[in-house]
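Heads up, the thing below is written out as structure tokens.
2 protein chains.
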Amino acid sequence: MPKVVDHDQRRSDIIDATWSLIVRGGLEATTMRDIAAAAGFANGALKHYFSGKAEIVEGAYYKALRQVSERARQRTEAVTGVAALRAWCQATIPVDREDWEAARVLLSFWELGRSSEPEGKLYQTHLKAWREELIDLIAQARAAGEVTSALDDDQLADELVLLNIGATAMVVVAPHQASPELFERLLDSFFARL
Amino acid sequence: MPKVVDHDQRRSDIIDATWSLIVRGGLEATTMRDIAAAAGFANGALKHYFSGKAEIVEGAYYKALRQVSERARQRTEAVTGVAALRAWCQATIPVDREDWEAARVLLSFWELGRSSEPEGKLYQTHLKAWREELIDLIAQARAAGEVTSALDDDQLADELVLLNIGATAMVVVAPHQASPELFERLLDSFFARL
């Protein structure tokens, strides 16, 4: 089915072009016209691949999500307990250029999610699933006797979610004050209390 | 000088209209045309008051900033040491509808700051000043013997900055998972470690 492959490839090209445009100039500067030009399409041709800008930006968001999830999965598959929890946190906190770009795309997706309900709901659904995953990891570490904190698992997960969202926002809006070392120290402080 | 007063009042009206539009539909949906219509101006008349959309949105950001700073100042003037630090944190973390709107405006300003350099730099300057203020409060509390944490004041301030940025982002992008109680618990956990 060469036609299907081609279609997917073109969608992927459009998403890549959108990613670069968001990183360069933000959501508002990323117009359908710019996306078409950057991806090498005629004006109006994007509608054969996406219903509109929101769906394209959603594609860029999924790309960012896959990037982070894939790394988190790889880093946690050989470890258990607190080590798995820590690896998971380190994999999802922005540290390098690739992460910075993903965080930048996420910020635009947050902004989009405030004006477009489907995208807003999608993010909240993912965040809920992500929090559940953290609660599972904390519960496993507690069952292994590695977590003795009096705080319950829900609250510990909330702290990590907030830490991660804060780090993601900070790396984009205050790059000079955000550093991998800062996030690492904050994680140290969290894990010292477990 | 009635003309000057009038000019300031009109700038303020334009900012208020922009605030409502951002809260309702986000940065991108807030066009110059919409702002003019909502503030009761003819198309093109806004240019007598602002250089462009970025400057108007900057005005809305300053409004959000004043709202939070004024409350922080009021709540901290009668207290010192750890009580002042805690009052400051509680005053700057979003809890009610008014704060939610300010957080929403801030998220759009973050997004704007990534595509418009003056706004990006402005936010970073404010964030730096805010962090300095936190370091001062922590140092005062430490001098009073109320802070004995082995973590240095810079790191403690970084934790609070990240907690606050995370709370601001979360209340906008995941309102169902963000609650005043969650933020209060996280502050409890922070202050228990001081």
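The listed protein sequences correspond, in order, to chains A and B.
Residue numbering for the first sequence is -5 to 188, as defined by our numbering.
Residue numbering for the second sequence is -5 to 188, as defined by our numbering.
Quick reminder that beta carbons are idealized off the backbone N, C-alpha and C, glycines included.
Remember, it's a predicted structure, so these values are computed and weren't measured experimentally.
Using alpha carbons as the reference points, say which of the options lies closest to residue i.
| i | options | result |
| --- | --- | --- |
| A:W124 | A:T74, A:I159, A:S102 and A:E95 | A:I159 |
| B:R18 | A:L128, A:E111, A:M164 and A:S173 | A:E111 |
| A:V167 | A:W94, A:A30, A:A186 and A:R67 | A:W94 |
| B:T12 | B:D2, B:A48, B:L121 and B:D0 | B:A48 |
| B:L121 | B:L59, B:I16, B:V141 and B:P88 | B:L59 |
| B:Q134 | B:M26, B:V62 and B:L79 | B:L79 |
| B:D147 | B:A85, B:I129, B:R69 and B:L157 | B:I129 |
| B:L180 | A:R5, A:E178 and A:L154 | A:L154 |
| B:G53 | B:T142, B:M164 and B:D2 | B:D2 |
| B:I9 | B:A23, B:Y56 and B:N37 | B:Y56 |
| B:D7 | B:L21, B:G20, B:F185 and B:F44 | B:F44 |
| A:G107 | B:A23, B:V76 and B:R108 | B:A23 |
| B:V62 | B:G139, B:A81, B:S109 and B:L15 | B:A81 |
| A:W104 | A:D90, A:L21, A:N37 and A:Q149 | A:L21 |
| A:S173 | A:Q149, A:R91 and A:L100 | A:R91 |
| B:V273 | B:P169, B:L131 and B:E178 | The shown model of chain B, from -5 to 188, leaves out residue 273 of chain B, and the question about it has no answer. |
Name, please, each residue of chain A whose Cβ falls closer than 7 Å to the Cβ of residue i.
| i | result |
| --- | --- |
| B:A33 | Result: empty, since nearest Cβ-Cβ is about 20 Å, beyond 7 Å. |
| B:E105 | G20, L21, L101, S102 and E105 |
| B:L145 | S183 |
| B:L121 | A168 and Q171 |
List the residues of chain A whose Cβ lies closer than 8 Å to the Cβ of residue i, in chain order.
| i | result |
| --- | --- |
| B:E153 | L180 and S183 |
| B:R98 | R108 |
Would you verify that the beta carbon of residue i is, or is not, closer than 8 Å to some beta carbon of chain A?
| i | result |
| --- | --- |
| B:Y117 | yes |
| B:M164 | yes |
| B:K57 | no |
| B:V62 | no |
| B:V167 | yes |
In this structure, does DSSP put residue i in helix, strand or coil?
| i | result |
| --- | --- |
| B:E52 | helix |
| A:A137 | helix |
| B:Q3 | helix |
| B:L188 | coil |
| B:S102 | helix |
| B:R43 | Sequence check: residue 43 of chain B is Tyr here, not Arg. B:Y43 falls in the coil class under three-state DSSP. |
| B:G75 | helix |
| B:A123 | helix |
| B:S109 | helix |
| A:G20 | helix |
| B:Q171 | coil |
| A:N158 | helix |
| A:F35 | coil |
| B:S143 | coil |
| B:D182 | helix |
| A:T25 | coil |
| A:I132 | helix |
| A:D90 | coil |
Taking only heavy atoms of the ligand PLP into account, decide whether any of them is closer than 7 Å to the Cβ of residue i.
| i | result |
| --- | --- |
| A:T24 | Absent from the structure shown: the ligand PLP. Ligands present: none. |
8 Å is my cut-off, CB to CB: does residue i come that close to chain B?
| i | result |
| --- | --- |
| A:R91 | no |
| A:K41 | no |
| A:Q171 | yes |
| A:R125 | yes |
| A:L128 | no |
| A:L79 | no |
Mind pulling the chain B residues with CB within less than 9 Å of residue i?
| i | result |
| --- | --- |
| A:G160 | V155, L156, L157, N158, I159, G160, A161, T162, A163 and M164 |
| A:Q149 | L176, R179, L180 and S183 |
Is there at least one Cβ from chain D nearer than 8 Å to residue i's Cβ?
| i | result |
| --- | --- |
| B:R91 | In the structure shown, chain D does not exist; the protein chains are A and B. |
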